[in-house]
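Its first residue numbered 15, the sequence shown is counted upward by one per residue in our numbering. One structure below.
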Amino acid sequence: MIVYIYEVETACWCFYAIKINRSADFHFIGKQYCFHCDILMIRVIRLPIIMLLILTISIFCVGAVFGGTSCPPRESIYPCTCFSVPQGRKLLHTIVSCQGLSNTDSFSTILSSLKTMEIDEFYLYDSFWEAYRLGAEGEPNQVLPLDWITLLRIKEMKIVDTTLSSCFACQSTLTCRNSMMTKFIAVNSSNTEKICSLCDTGRGDKYSWTNCLSKLSHFEFTGGKLSTLGSELFPLAMRELLLLNLSNNRIYKVDPKVFRNLPKLKSLDLSHNIIQRLDNLFNTPIASLEFLDVSWNYIMIIGPNLFPLLPALKTFNAGYNTIVHLKEDDWKEVPFLLREIDLRGNPLHCDCNVRWVNSTFKTSVVLQAHCATP
Numbered sequence: 015m016i017v018y019i020y021e022v023e024t025a026c027w028c029f030y031a032i033k034i035n036r037s038a039d040f041h042f043i044g045k046q047y048c049f050h051c052d053i054l055m056i057r058v059i060r061l062p063i064i065m066l067l068i069l070t071i072s073i074f075c076v077g078a079v080f081g082g083t084s085c086p087p088r089e090s091i092y093p094c095t096c097f098s099v100p101q102g103r104k105l106l107h108t109i110v111s112c113q114g115l116s117n118t119d120s121f122s123t124i125l126s127s128l129k130t131m132e133i134d135e136f137y138l139y140d141s142f143w144e145a146y147r148l149g150a151e152g153e154p155n156q157v158l159p160l161d162w163i164t165l166l167r168i169k170e171m172k173i174v175d176t177t178l179s180s181c182f183a184c185q186s187t188l189t190c191r192n193s194m195m196t197k198f199i200a201v202n203s204s205n206t207e208k209i210c211s212l213c214d215t216g217r218g219d220k221y222s223w224t225n226c227l228s229k230l231s232h233f234e235f236t237g238g239k240l241s242t243l244g245s246e247l248f249p250l251a252m253r254e255l256l257l258l259n260l261s262n263n264r265i266y267k268v269d270p271k272v273f274r275n276l277p278k279l280k281s282l283d284l285s286h287n288i289i290q291r292l293d294n295l296f297n298t299p300i301a302s303l304e305f306l307d308v309s310w311n312y313i314m315i316i317g318p319n320l321f322p323l324l325p326a327l328k329t330f331n332a333g334y335n336t337i338v339h340l341k342e343d344d345w346k347e348v349p350f351l352l353r354e355i356d357l358r359g360n361p362l363h364c365d366c367n368v369r370w371v372n373s374t375f376k377t378s379v380v381l382q383a384h385c386a387t388p
């Protein structure tokens with residue numbers, strides 16, 4: 015196998031020596047996209063052209079088996095690559111990787127072969143750039159194929175370094191329905207300020223493509239230019255969604271109604287955006303939320319309305335913002351389960367008015383912070 019080195023402006027793939035583990039995923043860390051398992055040891059290379067190594071690592075990081083199908087002949091899905099690895103006597107773990115597709119049409123030509131498969135992991139990587147160079151004329155060719163939600167049986171879909179238009183998911187003539195997909199990830203794949211989550215049917219009404227994914231538990235849209243987060247992203251209940259990651263965008267405005275239809279949400283990552291306020295982030299209790307990351311924003315105050323709405327919160331990260339004063343009123347109703355508070359990187363002013371901290375938090379709470387003054 016020949017592996018080429020390919021430099022990109024803001025991204026690099028990291029690979030590590032690993033042991034077989036049940037936890038494997040993509041994470042956006044600063045300006046690096048890293049694939050890793052729980053045990054990270056040795057960094058090997060950067061951004062391979064065909065991603066063969068990442069697919070191999072992915073296979074050995076799998077804990078639960080989905081039960082994919084055998085790969086079709088290569089010519090029927092070219093230029094994509096397929097791996098089907100035996101998991102026991104009868105089960106297969108199937109991974110399909112598509113790299114360098116010029117536009118939607120090149121994706122659509124292999125749709126007939128892909129829709130016959132059950133795919134554990136599908137990667138769309140470094141694609142649609144030919145359409146992107148055409149400007150507005152090319153936008154219709156920067157979308158996922160017609161009826162992709164209903165026709166494709168994919169458990170985890172990961173789109174990386176691909177130029178998606180704002181309405182990339184809205185191509186549907188069939189009633190959209192998908193009870194297979196559990197994870198949707200798009201990393202560094204959008205230059206638009208919003209996602210078209212409400213799609214026009216052409217019959218005078220609209221549907222929500224996110225709500226078509228009835229088993230979705232993990233939604234990430236990171237490394238883009240999203241500026242506002244509106245309630246239309248999840249207009250109906252997403253009953254299985256546990257993790258929402260919208261980090262590394264340009265979000266400055268959040269409609270608190272966006273979270274009301276996520277009854278099981280446990281992890282929310284809004285880090286690396288330009289949010290200024292937390293006191294109006296939620297307007298109804300999010301009873302299941304355990305992890306909240308709002309680090310690397312422009313937050314000045316926390317406000318007294320945040321913590322009463324998050325009774326299950328265990329980890330709160332507001333590091334690297336512009337918080338100067340720790341006000342006792344903001345922390346009076348801190349959740350009983352809260353164990354980790356990260357306020358590092360804030361210009362905190364520590365005078366006699368912060369003595370309340372010692373009596374408010376239990377000894378089991380880890381509070382990380384540094385005083386900038388006096």
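Ideal placement from N, C-alpha and C gives every residue a C-beta, glycine not left out.
Item, Value
"Should residue 91 go down as buried or exposed, given a rule of 16 or more other Cβ atoms within 10 Å for buried?", "buried"
"What ranges does the beta strand (DSSP E) occupy inside the stretch 241-285, keeping only unbroken runs of at least 3 residues that lie completely in it?", "257-259, 281-283"
"Please confirm if the stretch 186-201 is in contact with the stretch 143-155, defined as three or more CB-CB distances below 8 Å between the two stretches.", "no"
"When we look at the beta-carbon of residue 159 and count the other beta-carbons within 10 Å, is it buried (16 or more) or exposed?", "buried"
"Does the distance from the C-beta atom of residue 180 to that of residue 163 stay below 9 Å?", "no"
"At a cut-off of 8 Å, would you count residue 108 as near the ligand FAD, judging by its Cβ distance to the nearest heavy atom?", "This structure lacks the ligand FAD, and indeed carries no ligand of any kind."
"Reducing DSSP to helix, strand and coil, say where residue 49 ends up.", "In this prediction, residue 49 scores a pLDDT of 38, lower than 50, which makes its location untrustworthy; no coordinate-derived value is stated."
"Hey, residue 305 and residue 349: beta-carbon distance below 9 Å or not?", "no"
"Given this structure, state the Cα-to-Cα distance separating residue 266 from residue 363, to the nearest angstrom.", "25 Å"
"Report the CB separation of residue 254 from residue 282 in whole angstroms; it is logged as a contact under 8 Å.", "Actually they do not touch by this definition, with Cβ atoms about 16 Å apart."
"Would you report the Cα separation of residue 76 and residue 199, rounded to the nearest angstrom?", "Confidence at residue 76 is low in this model, with a pLDDT of 47, below 50, so its placement is unreliable and no value can be given for it."
"Which partner residues does residue 190 have in the DSSP bridge list?", "Bridge partners of residue 190: none, in fact."
"Excluding the 5 residues flanking residue 5 on each side, which residues of the same chain have their C-beta closer than 7 Å to its C-beta?", "Here the chain has residues from 15 to 388 only, and residue 5 is not among them."
"Which of helix, strand or coil does DSSP assign to residue 336?", "coil"
"With residue 177 and residue 203 assumed to form a contact (beta carbons below 8 Å), what rounded beta-carbon distance in angstroms separates them?", "7 Å"
"Let me confirm a value: residue 385 is counted as buried when at least 16 other C-beta atoms fall within 10 Å, else exposed. Which label applies?", "exposed"
"By alpha-carbon positions, which one of 260, 86, 94 ends up nearest to residue 131?", "86"
"Once you ignore the five residues that flank residue 240 on each side, which residues in its own chain have a CB closer than 6 Å to its CB?", "263, 265"
"Which residue spans inside the stretch 87-136 form an unbroken alpha helix (DSSP H) run of at least 4?", "88-91, 118-122, 125-128"
"Please classify residue 419 as buried or exposed, where buried requires at least 16 neighbouring CB atoms within 10 angstroms.", "There is simply no residue 419 to check, as the chain begins at 15 and stops at 388 in what is shown."
"Please report the Cβ distance between residue 166 and residue 128, rounded to the nearest whole angstrom; I am assuming they are in contact, meaning their Cβ atoms lie under 8 Å.", "6 Å"
"DSSP on residue 377, reduced to helix/strand/coil?", "coil"
"Using only the alpha-carbon positions, how far apart do residue 299 and residue 334 sit?", "26 Å"
"Quick check: what's the CA-CA separation for residue 278 versus residue 376?", "27 Å"
"If you compare alpha carbons, which of 257, 197, 250, 211 is closest to residue 183?", "211"
"So, is residue 378 buried or exposed, given that buried needs 16 or more other C-beta atoms within 10 angstroms?", "exposed"
"Less than 7 Å between C-beta atoms, sequence neighbours within five positions excluded: which residues of the same chain meet that for residue 270?", "294, 295, 296, 297"
"Compute the distance between the beta-carbons of residue 233 and residue 208, then report whether it is under 9 Å.", "no"
"Looking only at its own chain, which residues have a Cβ that is under 6 Å from the Cβ of residue 318, when we skip the five neighbours before and after it?", "343, 344"
"For residue 113, collect the residues of the same chain with a Cβ closer than 6 Å to its Cβ; drop the 5 residues on either side in sequence, then sort them by chain order.", "139, 140"
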